[in-house]
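Okay, so the sequence shown: first residue is 352 according to this note's numbering, each after it adds one. Worksheet: one structure, shown below.
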Amino acid sequence: MSIIEERTFSTDGFTNDDVIMYAYLCSNADKKDDPIDRAIVNAMEKSSASADGWTQTEIIGFNPSVKRVVAFAKDQSTGNVVTIAKGLPAKIIDTSAGAEDDGELQWAVAQAVDKKFVERVHAEDKALSSSGYKTIAIAICQGNARKCTRPCATVSLSADNFAFLAGELGDSAVWNFAGLLPMLDPPRHDTPATIESLNHANINVKMITGDHANVGKETARLIGMGTNIYPGETMREAPAEQKNKMIFDADGFAAVLPSDKREIVMTLRNHYGLVTGMTGDGVNDAPALSAAQVGIAVEGATDAANNAADLILTEPGLSPIYGAVLESRRIFSRIKSYVIYRVAASLILVLSLSIIMFVKGCAVDSTFIIILALLNDISMIPVAYDTADATTKPQLPRARALVYQSVFYGFTHAALTLAFFFGMNFAALPNSVDLAMCFGTGYGETQGFVWFHLLLVTELAIFSVRAPGFFLFSIPSLYLVASVGLTVIAGALMVTLIPSFGLHGDNLGYIFAFNAVTLVVVDLLKIQFRKMIGEEPGDIIVGDELIEPKPKTEAQKTTEKALRNVVAMDAKLDPEDRERVVQVRKRQGSILAAFFDVTGEEMATNTGFIRQGGLHASLVGGQPVGDVPRTKRSRQTSSPY
352 MSIIEERTFS TDGFTNDDVI MYAYLCSNAD KKDDPIDRAI VNAMEKSSAS
402 ADGWTQTEII GFNPSVKRVV AFAKDQSTGN VVTIAKGLPA KIIDTSAGAE
452 DDGELQWAVA QAVDKKFVER VHAEDKALSS SGYKTIAIAI CQGNARKCTR
502 PCATVSLSAD NFAFLAGELG DSAVWNFAGL LPMLDPPRHD TPATIESLNH
552 ANINVKMITG DHANVGKETA RLIGMGTNIY PGETMREAPA EQKNKMIFDA
602 DGFAAVLPSD KREIVMTLRN HYGLVTGMTG DGVNDAPALS AAQVGIAVEG
652 ATDAANNAAD LILTEPGLSP IYGAVLESRR IFSRIKSYVI YRVAASLILV
702 LSLSIIMFVK GCAVDSTFII ILALLNDISM IPVAYDTADA TTKPQLPRAR
752 ALVYQSVFYG FTHAALTLAF FFGMNFAALP NSVDLAMCFG TGYGETQGFV
802 WFHLLLVTEL AIFSVRAPGF FLFSIPSLYL VASVGLTVIA GALMVTLIPS
852 FGLHGDNLGY IFAFNAVTLV VVDLLKIQFR KMIGEEPGDI IVGDELIEPK
902 PKTEAQKTTE KALRNVVAMD AKLDPEDRER VVQVRKRQGS ILAAFFDVTG
952 EEMATNTGFI RQGGLHASLV GGQPVGDVPR TKRSRQTSSP Y
């Protein structure tokens, strides 16, 4: 952020250097983490303005509800005292503008009675803000405004009576508007690409800023967002239902209070049931950060923001958020795939073995069933390191959908397996198997046939389950391919080399050929089945690179936002899933108690990470739960997406 000195606006009786000097005297030079004060100090050092002989004696710091700073300075050579105000132009002209506040000092500048003057200031402010400048207004009061018995006095202005001194109006504090200080805070070079990338992942981005609405609109235009920005006052005055719709439809809000930020988050989260994240860096952002499912403190944020946040960015800019979204979706994809696969594999084994045993009396030796299960478990360890795909549609842990998909894979593969067994049983092929002859000398090949087929079908099923689309378009990790391949080779060697099996090569070929066809057929059916139950994943997001934005009209932005809203409303959990949280209770002497160092209270969470001795949720996209207090020891959150 920097001051653009040549665009500084000063009123009659003041110069641009005066405006910068008074702004400097109303700043805290030691507050290095305040971008506005830092920019003013830098501008003072570069300008010809001088504050020699002046000493700041007291400062009333910035309060987001009053939107101004007041300082007292003394000229050491003359002993004169001046009171300086710096802040939002409307609040500097008249502190009662917008809404009454609890600021210690209240006033209206002397020029406030001159409508032409006020219109001129507003026009200049609008022109600057429309060009993307943030504006800071400066007003001064000759004398200590706090010691005056009357808070302010206004007088009519004319060209010859502009200069006012406190003594001329007795014990009244007379405030004069000095000018506007334009500040340029251009967006980072990667911000437009970050916004475009998040939009591509079907995440709507809204701007919530304390700046003027014109500044918000210009900034939104520069970063590729829509420019449907409402003033915070408009939102506050709207009826409840109209306010909710405004919050949902808007691209952002300007001139907001900290309470407005929290209300926006809570409306999106609780009224619309949307997964909501919030970024911020200041103390006034902390309430909204704590209200969001995912509070994100940006690099250089205050301690209050860091403590209220779930994620703390250690690099400048917002681009790490996109990486976090992709990685969390990949993590959840791995978890979801394994859950579906594990249940489906069990169904395949139980259904297939049970039916051939009850129908044909063919029971595979229990020792080999244990070996099959052990091989399958070992071969699936690399799933944790699989190259999962992030998709454009958020994936949710809908319990019923998980069960439906597991049942689909289990029953479909079991049905095809039984068709294969009974087909081979009745086929007049060389060395064909006989399911009625599973025991006795010379009939071990039937058991080997059944055993190896079940091993192969359960091993190959993971490639279909893990892929959001057709399995050939989703490349698994080399570790998973190698693990499955080695397991299949080991199984093939067992059934061909162990004398009690003695499976012929042609039967081995039939099993491989049938499973190759089955994998393709089931995978194609999977795509249609997922669409039928509303679990289509969307397009695969290729790579981690940010997507560079293309020029778009406002109409195109509105249309794309409407499509994202459809996806967002579709990506909500059912009420029964919404209420599911994992309960972690502290028990006397339990491992969890020792590990997490909790102190007796109950914590409810899903997936978390250790921070400051407590358990906090870390994945983006949880489903909304009630507005509950957050502490370092206790927090309720929702399922990851």
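Positions of the beta carbon are idealized from the N, C-alpha and C atoms, including for glycine. Note that the coordinates shown come from a computational prediction; the quantities given were computed from them, not determined experimentally.
Per DSSP, reduced to three states, the secondary structure at Ser353 is strand. The beta-bridge partner set that DSSP reports for Lys418 is empty.
Glu666 and Asp611 have their C-alpha atoms roughly 28 Å apart.
Relative to Glu899, the option among Asp632, Ala544 and Tyr689 whose CA is nearest is Ala544. Minimum Cα-Cα distance from Lys485 among the listed residues Leu456, Arg915, Pro386 and Ala450 corresponds to Pro386. The beta carbon of Ile884 is closer than 7 Å to those of Ala752 and Tyr755 in its chain, skipping five residues each way along the sequence. Scanning its chain for C-beta atoms nearer than 7 Å, with the 5 sequence neighbours on each side dropped, one finds around Phe365 the residues Ala529 and Gly530, in chain order.
Approximately 7 Å separates the beta-carbon atoms of Pro415 and Gly561; this is inside 8 Å, confirming the contact. For Ile647, the enclosing beta strand (DSSP E) has its first and last residue at Val645 to Ala648. Looking at the backbone, the Cα of Leu747 and that of Ser679 are separated by about 12 Å. In the three-state reduction of the DSSP assignment, Pro533 falls in the strand class. Taking 3 residues as the shortest admissible run, the region 422-483 contains the following complete beta strand (DSSP E) segments, listed from N- to C-terminal end: 432-438. In this structure, the alpha-carbon of Phe683 lies about 48 Å from that of Ala478. When secondary structure is reduced to three states using DSSP, Ile884 falls in the coil class, being assigned neither helix nor strand. Scanning its chain for C-beta atoms nearer than 7 Å, with the 5 sequence neighbours on each side dropped, one finds around Ala463 the residues Ile444, Asp445, Val469 and Thr505, in chain order. Residue burial annotation: Pro850 is exposed, with fewer than 16 other C-beta atoms found within 10 angstroms of its C-beta. In the three-state DSSP reduction, Ala714 falls in the coil class, being neither helix nor strand. At the C-beta level, Ile672 and Ala765 stay beyond 7 Å of one another.
Approximately 29 Å separates the beta-carbon atoms of Gly799 and Phe759; this is outside 8 Å, ruling out the contact. The residue among Ala601, Pro537 and Ser481 with its C-alpha nearest the C-alpha of Glu569 is Ser481.
If the five residues before and after Ala812 are omitted, its C-beta is found closer than 7 Å to the C-beta atoms of Tyr692, Ala695, Ala696, Tyr760 and His764, all from its own chain and listed in chain order. Straight-line measurement puts the Cα of Asn727 at about 7 Å from the Cα of Leu806.
The residue among Met576, Leu456, Lys687 and Asp388 with its C-alpha nearest the C-alpha of Glu911 is Met576.
Excluding sequence positions up to five before and after Ala818, its CB lies within less than 8 Å of the CB of Asp740, Phe824, Ser825 and Asp874, all in the same chain and listed in chain order. The C-beta distance from Ala605 to Gly631 rounds to 15 Å, too long to fall under 8 Å, and the pair is not in contact. Selection Phe803, Ala552 and Phe822 evaluated against Ile840 yields Phe803 as nearest (Cα-Cα).
For Ile580, the uninterrupted beta strand (DSSP E) segment begins and ends at Ile580 to Pro582.
Taken in chain order, the unbroken stretches of alpha helix (DSSP H) that lie wholly in the region 592-659 and span 4 residues or more are 609-617, 637-642 and 654-659.
When secondary structure is reduced to three states using DSSP, Phe360 falls in the strand class. C-alpha of Ile546 to C-alpha of Met629: approximately 14 Å in a straight line.
Counting only residues of its own chain and dropping the five nearest sequence neighbours on each side, Ser730 has a CB closer than 8 Å to the CB of Glu810, Ser834, Val835, Leu837 and Thr838. Cβ contact annotation for Ala400 (same chain, cutoff 7 Å, sequence separation greater than five): Asp368, Ile371 and Met372, in chain order.
Per DSSP, the unbroken alpha helix (DSSP H) holding Gln907 starts and ends at Glu905 to Asp921.
DSSP places Phe777 in the uninterrupted alpha helix (DSSP H) bounded by Ala750 to Phe777.
The beta carbon of Asp737 sits closer than 7 Å to those of Arg685, Arg817, Pro827, Ser828 and Leu831, all from its chain and outside the five residues before and after it, given in chain order. In terms of CA proximity to Asn527, Asp465 leads the group Arg587, Thr578, Asp465 and Val392.
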